[in-house]
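Below is one structure, written out as structure tokens; the observations come after it.
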Amino acid sequence: MYVTQDQFDSRLDLPVSLPLTDLYPNQWLIVSTIQVLSPQSFTLRTLQLHLVANQDPSAGSDGKLVVIPDSSGNCVFPSQQASLVTPGLGLAFVGLYRNFDPLKQPTFQASQESPLVIGDENSAAPVFTLRTAPAATFTSEGPYSFVVANNTSNRLLKLVITGQVRLNLGQL
Amino acid sequence: MNAETGNPFLTQFRFDDQLWVPFNLSETRVKADTAIPVATFELQVGQVARLAWFSIHFIRLLADTPPTKVNSALGAVYLGLYGSRGDLITTPAGQPLLYAPLDIPGVFTTSPYFYQDIGEPDRYTVLAVNNLRLTDVDLCALGTWRVQLNQRAA
């Protein structure tokens, strides 16, 4: 089957791209938003998440942690194991949401498909994960947002996201 | 050629002569009265480009009191396409060539069905602009250029 110029023009590839970013405990941010209006649709083709580092948020920029004795003279070192906020969502996750409310936690909002999850309580960076589900197409109108969230209460995560969606404008 | 519509089929050469050049600014806090360059594209002689997708998501406003605009003729936040004739690459100069504004949090996308082909050689910059005084905003931007290189066939 051959492709005409109009068909080629009606398919756009858009990125889902987050350069190396620090995400503090319980923090989330929107990576990209695609607004779909009829007769448009888009297909999620690839999504990859790279956990570059997993650190104690109170450590300095050189990674060193300074612990000051408490009133009893004891040095209490913070736990090195991550404390997960929501079980099953790893250290971090990327979800696709329609009509995402940026004032509410992503875990309290319905995602369009199972989030891409990376790591667990015992993971040591670097960790890499790739979406392996078949390409999924979304046709309902509305703004679709890719949201990345730190699912720990005690770890600073450094993350990179790379992905792509193919938007179909619905023209011939 | 598609006989019904006169629409040409793509040859390998014609396919290779076209580029999609995407850009994505993930959620970023933009300080009051500040512009962030999101993407820069230098159009060479003979090339033709269009912004096939141009979208801004105004995520949140960080204000306790009603904010005021720096330039009342423009949106509170906007994505603007500028040529090189501005004074500084990071300072918006006047009305942008292409404009995606929002006055309240939400998503705005220019229509991909009505586009303008740009053929003038220049350096074009996409700026994400916070047009508010004393008020920071969180926003993200997404878009893609479609560029016709117009190379000569070997």
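Those protein sequences? They're chains A and B, same order as listed. Position 107 of the first sequence, counted from 1, bears residue number 107 in the working numbering, the numbering being contiguous throughout. Position in the second sequence (from 1) plus 1000 gives the number in the working numbering. Note that CB positions come from ideal geometry on N, CA and C, so glycine has one too.
**Q.** Nearest-angstrom Cα separation, counted from Phe1013/B out to Asp22/A
**A.** Each residue's alpha carbon lies about 43 angstroms from the other.
Q. With contact counted as at least three CB pairs below 8 angstroms, one residue from each stretch, are the segment 1137 to 1146 of chain B and the segment 32 to 42 of chain A in contact?
A. Yes: the two stretches touch, three or more of their Cβ pairs being nearer than 8 angstroms.
(Q) I'd like to know whether the C-beta atoms of Gly1075/B and Leu1127/B end up nearer to each other than 7 angstroms. (A) Inclusion of Gly1075/B and Leu1127/B in the CB contact set at 7 angstroms is not warranted, their separation being larger than that value.
Q) Roughly how many angstroms lie between the CA atoms of Val94/A and Arg45/A, to the nearest whole one? A) Spanning the two alpha carbons is a distance of roughly 14 angstroms.
Q: Measure the alpha-carbon distance for Asn1002/B versus Asp9/A and round it to whole angstroms.
A: Note that Asn1002/B scores 48 on pLDDT, short of 50, meaning its location in the model is unreliable; the coordinates nonetheless yield the value given after this. Those two C-alpha atoms are separated by around 15 angstroms.
**Q.** Contacting residues, own chain, Cβ-Cβ under 7 angstroms from Tyr1099/B (five flanking each side not counted)
**A.** Contacts found: Tyr1078, Gly1080.
Q: Report the residue ranges of all alpha helix (DSSP H) runs contained in full by the segment 4 to 83 of chain A; include only those spanning at least 4 residues, in chain order.
A: Runs of the alpha helix (DSSP H) inside the segment 4 to 83 of chain A: 5 to 9.
Q: Compare the C-beta of Ala1063/B against all C-beta atoms of chain A and say whether one is closer than 7 angstroms.
A: Judged by the 7 angstroms Cβ criterion, Ala1063/B is not in contact with chain A.
Q. Taking just the CA atoms, how far does Leu1061/B sit from Asn26/A?
A. Per the coordinates, the alpha-carbon of Asn26/A lies some 20 angstroms from the alpha-carbon of Leu1061/B.
Q. Given that Phe138/A touches chain B, what residues does it touch there, using C-beta distances under 8 angstroms?
A. Within 8 angstroms Cβ-Cβ: nothing; Phe138/A doesn't reach chain B, min ~15 angstroms.
Q) What in chain B is Cβ-close to Pro25/A, meaning under 7 angstroms? A) Those within 7 angstroms of Pro25/A in chain B number zero; the least Cβ separation is about 17 angstroms.
Q: Check whether the Cβ of Leu1149/B lies closer than 6 angstroms to any heavy atom of the ligand GDP, and answer yes or no.
A: The ligand content of the structure shown is nil, which means the ligand GDP is not present either.
Q | Sequence-distant residues of its chain with Cβ nearer than 6 angstroms to Gln55/A (five each side left out) | A | Leu156, listed in sequence order.
Q | Nearest neighbour of Phe42/A, chosen from Ser140/A, Val147/A, Ala149/A, Leu84/A [CA to CA] | A | Distances from the CA of Phe42/A to each of Ser140/A, Val147/A, Ala149/A, Leu84/A were compared; the closest alpha carbon is that of Ser140/A.
**Q.** Ser145/A classed as buried or exposed, judged by whether at least 16 other C-beta atoms fall within 10 angstroms
**A.** Around the beta-carbon of Ser145/A, 16 or more other beta-carbon atoms lie within 10 Å, marking it buried.
Q | Expected contact under 8 angstroms - CB spacing of Val85/A and Asn168/A to nearest Å | A | Contact doesn't hold; Cβ gap of about 36 angstroms is too wide.
Q: Give the range of the beta strand (DSSP E) segment to which Phe1058/B is assigned.
A: Start and end: 1048 to 1062.
Q: Within 10 angstroms of the Cβ of Asn1071/B, are there 16 or more other Cβ atoms? Answer buried if so, exposed if not.
A: Exposed.
Q: With 7 angstroms as the threshold, decide whether the Cβ of Ser71/A is near any Cβ in chain B.
A: With 7 angstroms as the cut-off, Ser71/A does not count as an interface residue toward chain B.
**Q.** Selection of the segment 1047 to 1078 of chain B by Cβ proximity to chain A, strictly under 7 angstroms
**A.** Cβ contacts with chain A come from Ala1052, Trp1053, Ser1055, His1057, Ile1059, Arg1060.
Q) When the Cβ atoms of the segment 1114 to 1128 of chain B are set against those of the segment 1023 to 1038 of chain B, are three or more pairs found closer than 8 angstroms? A) Segments in contact, yes.
Q. Between Gly1046/B and the rest of its own chain, which residues show a CB-CB distance below 7 angstroms, the 5 nearest in sequence each way excluded?
A. So the qualifying residues of the chain are Asn1150.
Q | Arg1146/B, enclosing beta strand (DSSP E) - first and last residue | A | That run of the beta strand (DSSP E) goes 1136 to 1148.
Q. Can you tell me where the beta strand (DSSP E) with Phe146/A in it begins and where it stops?
A. The continuous beta strand (DSSP E) containing Phe146/A extends over residues 142 to 150.
Q) Grouping DSSP H, G and I as helix and E and B as strand, with all else coil, what is Gln109/A? A) Looking at Gln109/A - three-state DSSP - the assignment turns out to be coil, as it is neither helix nor strand.
Q) Shorter than 7 angstroms from the beta carbon of Trp1145/B to some beta carbon of chain A? A) The beta-carbon of Trp1145/B is placed no less than 7 angstroms from the nearest beta-carbon of chain A.
Q | Within chain A, the residues that Pro1008/B reaches when beta carbons sit closer than 8 angstroms | A | Neighbours of Pro1008/B across chain A, judged by C-beta separation under 8 angstroms: Thr4, Gln5.
Q.
Which residues in chain A have a C-beta closer than 7 angstroms to the C-beta of Pro1112/B? List them in chain order.
A. Result: Leu169.
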